[in-house]
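Colleague: Supplied in structure tokens, the structure appears directly below.
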Amino acid sequence: MKTFENEAVIARGDSSRVITGSNTGKLKKTNREKHSNRQIWTESVFRRLLFIMGVLMVVLVLGIMFTLIVQSVPSIKALGAGFLWGKVWDPVRDIYGAFPFLLGTLLTSFLALAISIPFSFAVGIFLGEYYPKGWLPDLLKNTVELIAAVPSVIYGFWGLAVLVPIVRSFESGIGEPPIGVGIFTSSLILSIMIIPYAASLGRSMIQMVPSHLKEAAYSLGATRWEVIKSVILPYVKSGLFAGVLLSLGRALGETMAVTMVIGNTSGIPKSIFAPGNTMASVIANEFTEADRTVYLSALIELGLVLFLVTVVINMIGKKIISRFTND
Amino acid sequence: MKAKNSPVRFRIGKNGFFKGVVIAFAFSCVIPLLFILAYIIKAGITKINWNFLVNVPKPVGESGGGIANALLGSIIIIAVAAVIAIPIGILGGIYLSENRKSKLAYWARLSIDILQGVPSIVIGIVAYFWLVKPFGGFSSVSGSIALAIMMLPIVVRSTEETLKLLPDTLREAGFALGMPFHRVVLKVIVPCGISGILSGVMLSIARIAGETAPLLFTAFGNPYLSTSLTKPMQSLPLLIFNYATSPYNDWHDLAWGASCILLIFVLVLNIFTKIITRKWKVQL
Amino acid sequence: MESTIVRSIDYNAYFGDNHVVKNVNIDIPKNNVIAVMGPSGCGKTTFLRGINRMHELIPGATAKGKIMLDNEDVMEMHPIFVRLKIGMVFQRPNPFPNLSIYDNVIAGYKLNGIKLPKAEKDKIVEQSLTKVALWNEVKDQLNKKGTFLSGGQQQRLCIARAVAMEPEVLLFDEPTSALDPISTSTVEELFHDLKQNYTLIIVTHNMQQAARVSDKTAFFYMGELVEYDETKRMFTNPRDTRTQNYITGRFS
Chain A
0 MKTFENEAVI ARGDSSRVIT GSNTGKLKKT NREKHSNRQI WTESVFRRLL FIMGVLMVVL
60 VLGIMFTLIV QSVPSIKALG AGFLWGKVWD PVRDIYGAFP FLLGTLLTSF LALAISIPFS
120 FAVGIFLGEY YPKGWLPDLL KNTVELIAAV PSVIYGFWGL AVLVPIVRSF ESGIGEPPIG
180 VGIFTSSLIL SIMIIPYAAS LGRSMIQMVP SHLKEAAYSL GATRWEVIKS VILPYVKSGL
240 FAGVLLSLGR ALGETMAVTM VIGNTSGIPK SIFAPGNTMA SVIANEFTEA DRTVYLSALI
300 ELGLVLFLVT VVINMIGKKI ISRFTND
Chain B
0 MKAKNSPVRF RIGKNGFFKG VVIAFAFSCV IPLLFILAYI IKAGITKINW NFLVNVPKPV
60 GESGGGIANA LLGSIIIIAV AAVIAIPIGI LGGIYLSENR KSKLAYWARL SIDILQGVPS
120 IVIGIVAYFW LVKPFGGFSS VSGSIALAIM MLPIVVRSTE ETLKLLPDTL REAGFALGMP
180 FHRVVLKVIV PCGISGILSG VMLSIARIAG ETAPLLFTAF GNPYLSTSLT KPMQSLPLLI
240 FNYATSPYND WHDLAWGASC ILLIFVLVLN IFTKIITRKW KVQL
Chain C
0 MESTIVRSID YNAYFGDNHV VKNVNIDIPK NNVIAVMGPS GCGKTTFLRG INRMHELIPG
60 ATAKGKIMLD NEDVMEMHPI FVRLKIGMVF QRPNPFPNLS IYDNVIAGYK LNGIKLPKAE
120 KDKIVEQSLT KVALWNEVKD QLNKKGTFLS GGQQQRLCIA RAVAMEPEVL LFDEPTSALD
180 PISTSTVEEL FHDLKQNYTL IIVTHNMQQA ARVSDKTAFF YMGELVEYDE TKRMFTNPRD
240 TRTQNYITGR FS
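In structure tokens:
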């Protein structure tokens, strides 16, 4: 396909042609053609600009991965793989073991998931099946979405001021040391924050269940709950799992609210009511104080692990969703 | 379905029971949100007065401080981040929607998906090594760039999704009139999709307005009023984090006031976005 | 002897490796209405879209050969210039939904950044809308967006938009297949008036329409131009058996 480049062919003034309109029409046409020449140049500039944006996006993510890896190298070289199951984190004595934080992250995230999933699914089922349309469901949907809009530092502050004293009295009530901050409190706050993710995904998945499947069950005499239990939920099983993964991904990476109520203790928590640390919270707390190369690098390595884990979980979740929606 | 063996009345009862359980769980999750909202507004609204808005925090022990540095800082950091992220994000979204099959578009789309899931603290770390360490100090522009990186996936995705929904026949009408590609995009496609694009922009701003982690090692915070892009700067979320976790009651008060302002701003922006996008949607 | 305005010489079009238009040679005389018909998948729409270089907008689409517009080869020109001289109307009416009726008519100028004085813009709008018999219906509502118009009116608006560019040739891709019978007949009435000033090439799968409105008809089958003749003669006395079969409904 040849592109037009030769300007000489433009102003074709063949007066034997009868062109509609007056003579100004012919003049107009030539001016229009000159204008279009400029447009062709702008067009290729624009296309090139868009291409650069595409490249930029890829380079950005590659750059992030590259920086994380390069900055983790001192720690990887000094500590090796034992870093991941080292049980002691004592920067003063140059001992770096990541296990307490892996444990803290997993405990808080999975506990938060366990608490929030029934609520997320309830919202999803309610909005997806019972009442998809109407002002009340719309209000509920928007309110649940606003949960995700509240900044994490505000959840943390509220948790510190309100939840921690409540948990403290609860702890003394059941015989645990009344500290207030800890894994349990973080999980509570986190569970509130991650409700919207599984809820919104669950809702859209449930709405996609084809009506003929539901109608088949109804025509056999099933009650609504039975249709939900035996037709809808099995059908969206993978979609709901993806929703859980997305909530999990969010929980794993959450920093501020958790940092404010987890107690910032770098030992292995003895119970869920004990204070601890997550990968994100220890980075937030100690990054600016890390005065030695290996110290800083160990923190970055934690960041790298966090990055890989959250990215993998999110990508699996997205893959499941795209497979579900394309089937 | 083993339901066939149970008496019908029991099954109908079970049906109603579970419906009740679902409704109870569904509506009860807004209770914490409403409670938090009420608490923050109540605790913070009394702290807000003119003094509060125009003064900087006073040293510990003195009363009468304010959050002017954080307010101005937030505005500047967000504005710079928006100026960086919005054009790049919209152009990126246009690239993805108008190049659905190319190899680069596949990897770019994948990159944006990955970026969306990166924890904000990791972005803070990376921004530190790109913009703070090489230049020897914390700066507000490094914070803005970290926030811009966080805004990017939201703007790109919403632009791409909005433009993808527009029918190809609209583009064809433009081309058939002799329009070059950039005019078809900028004068036909983007105006028709403007509500979706703007909603993505506004949501991305609401998102980063409350972000703290990326600023911890970039903008870092500043007890004084500053407008310099190359020096550390305070922002509302940073102030809340630092003062809330401090042991001083005066500083807690400042944090409550700041939380109230931040929360109201973020919620109003979200609600406003929802209303406006419905109004501005172009009827196809 | 009528002069030829569009002549295709050994025109071939492909989607990837798929050869969909094979060696088409056709002369289209000026100020005529030419119907292009054939069964689904015969390449008629692909050929039409090749004339104003819209074919290559589809990824993987290529074409070879020459298409002469007067004495210029359309295939050698930049597509933008081609489309200034050859306008197109699509199957589904597609006025720009965010523009008023007025702005839709002059969209070819406005959206291309060509600045015209208001008096001239007003003249173009009125002339174009008059040519499509829409002026009286919308002259008091020019500032409203076109979405309240009926399907037939929207399609006439699209024709006005194409006509406003003062092209030499107008291409129509099944222009009435999405319209109801009354709108169809109002659009068909336009063809007779439009051909005074333009040359019309209309792809249609409606044989009766071809018989009603066209001077000459081209019959495509499996990518080839099988027969091309005066409409009256083709419908009463087709030369090729394939044409005969199509007209008598043996396949559609």
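Protein chains in written order, with numbering that gives the first Met the number 0: chain A, 0 to 326; chain B, 0 to 283; chain C, 0 to 251.
Even for Gly, the Cβ is constructed at its ideal location relative to N, Cα and C.
Using beta-carbon positions only, say whether A256/A and G158/A come within less than 9 Å of one another.
Modeller: On the first sequence, residue 256/A is found 257 positions in, with the first residue counted as 1. On the first sequence, residue 158/A is found 159 positions in, with the first residue counted as 1. Closer than 9 Å, so yes.
Colleague: Once DSSP output is grouped into helix, strand and coil, what is the label at M36/C?
Modeller: As a first step, residue 36/C must be located in the third sequence, where it is residue number 37. If DSSP states are grouped into helix, strand and coil, M36/C belongs with the strands.
Colleague: Around the Cβ of N97/C, are there at least 16 other Cβ atoms within 10 angstroms (buried) or fewer (exposed)?
Modeller: For the purposes of this step, residue 97/C is taken as residue 98 along the third sequence, with counting starting at 1. The residue in question, N97/C, is buried, as its Cβ has 16 or more Cβ neighbours within 10 Å.
Colleague: Taking all protein chains shown into account, do 16 or more other C-beta atoms lie within 10 angstroms of the C-beta of K194/C, making it buried, or fewer, making it exposed?
Modeller: Position 195 of the third sequence, counted from the start, is the residue given in the question as residue 194/C. The residue is buried, with at least 16 neighbouring Cβ atoms inside 10 Å.
Colleague: Could you name the residues of chain A that L266/B contacts, counting a contact when the two beta carbons are closer than 8 Å?
Modeller: In the second sequence, the residue the question calls residue 266/B occupies position 267. Ordered by position in chain A, the residues that pass the 8 Å Cβ test against L266/B are L145, A148 and V149.
Colleague: Output the residue ranges of the alpha helix (DSSP H) runs that lie fully inside the segment 182-252 of chain A and measure 4 residues or longer, sorted by chain position.
Modeller: Complete alpha helix (DSSP H) runs here, min 4: 182-206, 210-218, 223-226 and 236-252.
Colleague: Within 9 Å (strictly less), CB to CB, does N142/C reach chain A?
Modeller: In the third sequence, residue 142/C corresponds to position 143, counting from 1. It does not; no Cβ of chain A falls within 9 Å.
Colleague: At a CB-CB cut-off below 7 Å, which residues of chain B make contact with I79/C?
Modeller: Position 80 of the third sequence, counting from 1, holds the residue named residue 79/C. Simply G177 and P179.
Colleague: Can you list the residues of chain B that R91/C reaches, using a CB-CB cut of under 9 Å?
Modeller: Here the question's residue 91/C lines up with position 92 in the third sequence. Per Cβ cutoff of 9 Å: P166 and T168.
Colleague: For a contact defined as C-beta to C-beta under 7 Å, what are the partners of I113/C on chain A?
Modeller: Within the third sequence, residue 113/C is the residue found at index 114, counting from 1. The CB of I113/C comes closer than 7 Å to the CB of R31 and H34 in chain A, given here in chain order.
Colleague: Return the CA-CA distance between I39/A and S7/C, expressed in angstroms with no decimal places.
Modeller: In the first sequence, residue 39/A corresponds to position 40, counting from 1. In the third sequence, residue 7/C corresponds to position 8, counting from 1. Between the C-alpha atoms of I39/A and S7/C there is a straight-line separation of about 26 Å.
Colleague: From this set, F137/B, I124/B, A145/B and L114/B, which residue's C-alpha is nearest V155/B's C-alpha?
Modeller: Taking the second sequence and counting its residues from 1, the one referred to as residue 155/B is at position 156. Of the candidates F137/B, I124/B, A145/B and L114/B, the one whose C-alpha sits nearest the C-alpha of V155/B is L114/B.
Colleague: Could you give the first and the last residue of the continuous beta strand (DSSP E) run that contains D228/C?
Modeller: Along the third sequence, read from residue 1 onward, the residue named residue 228/C stands at position 229. D228/C -> beta strand (DSSP E) spans E223 to E229.
Colleague: Hey, does L130/B have any beta-carbon neighbour from chain A nearer than 9 Å?
Modeller: Against the second sequence, residue 130/B aligns to sequence position 131. Taking Cβ atoms only, chain A never reaches closer than 9 Å to L130/B, which makes this a no.
Colleague: Expressed to the nearest angstrom, what Euclidean distance is found between the alpha-carbon atoms of I165/A and F240/A?
Modeller: Locating residue 165/A in the first sequence gives position 166, counting from the first residue. Locating residue 240/A in the first sequence gives position 241, counting from the first residue. Straight-line Cα distance between these residues: approximately 33 Å.
Colleague: Check whether the segment 212-232 of chain A and the segment 140-150 of chain A touch, using three or more Cβ-Cβ pairs below 8 Å as the test.
Modeller: no
Colleague: Can you pull the chain D residues whose beta carbon is under 7 Å from the beta carbon of Y38/B, in chain order?
Modeller: No chain D appears in the structure shown, which is made up of the protein chains A, B and C.
Colleague: Answer yes or no: does any C-beta atom of chain A fall closer than 9 Å to that of K18/B?
Modeller: Taking the first residue of the second sequence as position 1, residue 18/B is located at position 19. Yes, K18/B counts as interfacial toward chain A.
Colleague: Based on the DSSP output, what are the partners of R6/C in its beta bridges?
Modeller: Indexing the third sequence from 1 puts residue 6/C at position 7. Answer is D26/C and M67/C.
Colleague: Would L83/C pass as an interface residue toward chain B - the criterion being a Cβ-Cβ separation below 9 Å?
Modeller: The residue given as residue 83/C occupies position 84 in the third sequence. Chain B contact via Cβ: present.
Colleague: Round the Cβ separation of V125/B and L67/A to the nearest angstrom and send it over; I've been treating them as touching at under 8 Å.
Modeller: Position 126 of the second sequence, counting from 1, holds the residue named residue 125/B. Position 68 of the first sequence, counting from 1, holds the residue named residue 67/A. The pair is a contact, with the Cβ atoms about 7 Å apart (cut-off 8 Å).
Colleague: How would you call F272/A, buried or exposed, if buried means at least 16 neighbouring beta carbons within 10 angstroms?
Modeller: Here residue 272/A refers to the residue found at position 273 of the first sequence. The residue in question, F272/A, is buried, as its Cβ has 16 or more Cβ neighbours within 10 Å.
Colleague: Using only CA atoms, which one of K317/A, F125/A, L307/A and F183/A lies nearest to I231/A?
Modeller: Translated into positions along the first sequence, residue 231/A becomes position 232. With distances taken between Cα atoms, I231/A lies closest to F125/A.
Colleague: Measure from the C-beta of R277/B to each C-beta in chain C and report whether the shortest distance is under 9 Å.
Modeller: Position 278 of the second sequence holds residue 277/B. By the rule that beta-carbons nearer than 9 Å mark a contact, R277/B does not touch chain C.
Colleague: With three or more C-beta pairs closer than 8 Å as the rule, is the segment 204-219 of chain C touching the segment 230-248 of chain C?
Modeller: Remark: three or more beta-carbon pairs, one from each stretch, lie closer than 8 Å, so the segment 230-248 of chain C and the segment 204-219 of chain C are flagged as touching.
Colleague: Under 8 Å, with one C-beta from each stretch per pair, do the segment 41-58 of chain C and the segment 11-29 of chain C reach the 3-pair mark?
Modeller: yes
Colleague: Less than 9 Å between CB atoms is the rule here; does Q38/A satisfy it with respect to chain C?
Modeller: Here residue 38/A refers to the residue found at position 39 of the first sequence. It does; some Cβ of chain C falls within 9 Å.
Colleague: For T324/A, I'd like the list of residues in its chain whose CB is within less than 6 Å of its CB, leaving aside the five on either flank, ordered along the chain.
Modeller: Reading the first sequence from its first residue, position 325 is the one you call residue 324/A. Contacts found: none.
Colleague: Measuring CB atoms only, is the segment 144-158 of chain B touching the segment 192-206 of chain B, in the sense that at least three cross pairs come out at less than 8 Å?
Modeller: yes
Colleague: Are the CB atoms of L176/B and M164/C within a distance shorter than 9 Å?
Modeller: As a first step, residue 164/C is located in the third sequence; it is residue number 165 there, counting from the start. As a first step, residue 176/B is located in the second sequence; it is residue number 177 there, counting from the start. Yes, the pair counts as a contact, with Cβ atoms nearer than the cut-off.
Colleague: Excluding the 5 residues flanking G155/A on each side, which residues of the same chain have their C-beta closer than 6 Å to its C-beta?
Modeller: The count along the first sequence starts at 1 and reaches residue 155/A at position 156. Excluding sequence neighbours, G155/A sits near M255, A256 and M259.
Colleague: State whether the segment 273-281 of chain A contacts the segment 297-308 of chain A, with contact taken as three or more CB pairs (one from each stretch) at a distance under 8 Å.
Modeller: yes
Colleague: Mind checking who N205/C pairs with in its DSSP beta bridge?
Modeller: Position 206 of the third sequence, counting from 1, holds the residue named residue 205/C. Answer by DSSP bridge pairing: none, since N205/C is not bridged.
Colleague: Taking all protein chains shown into account, decide if N98/B is buried (16 or more other Cβ within 10 angstroms of its Cβ) or exposed.
Modeller: Mapped onto the second sequence, residue 98/B falls at position 99. Its Cβ being crowded by 16 or more others within 10 Å, N98/B is buried.
Colleague: On the premise that V308/A lies in contact with L251/A, defined as a C-beta separation below 8 Å, what is that separation, rounded to the nearest angstrom?
Modeller: By 1-based counting over the first sequence, the position of residue 251/A is 252. By 1-based counting over the first sequence, the position of residue 308/A is 309. Confirmed, Cβ separation roughly 6 Å.
Colleague: Residues in the same chain with beta-carbon distance under 7 Å from K109/C, minus the five sequence neighbours each way, listed in chain order, please.
Modeller: Counting from one through the third sequence, the residue named residue 109/C turns up at place 110. Answer for K109/C: D102, listed in chain order.
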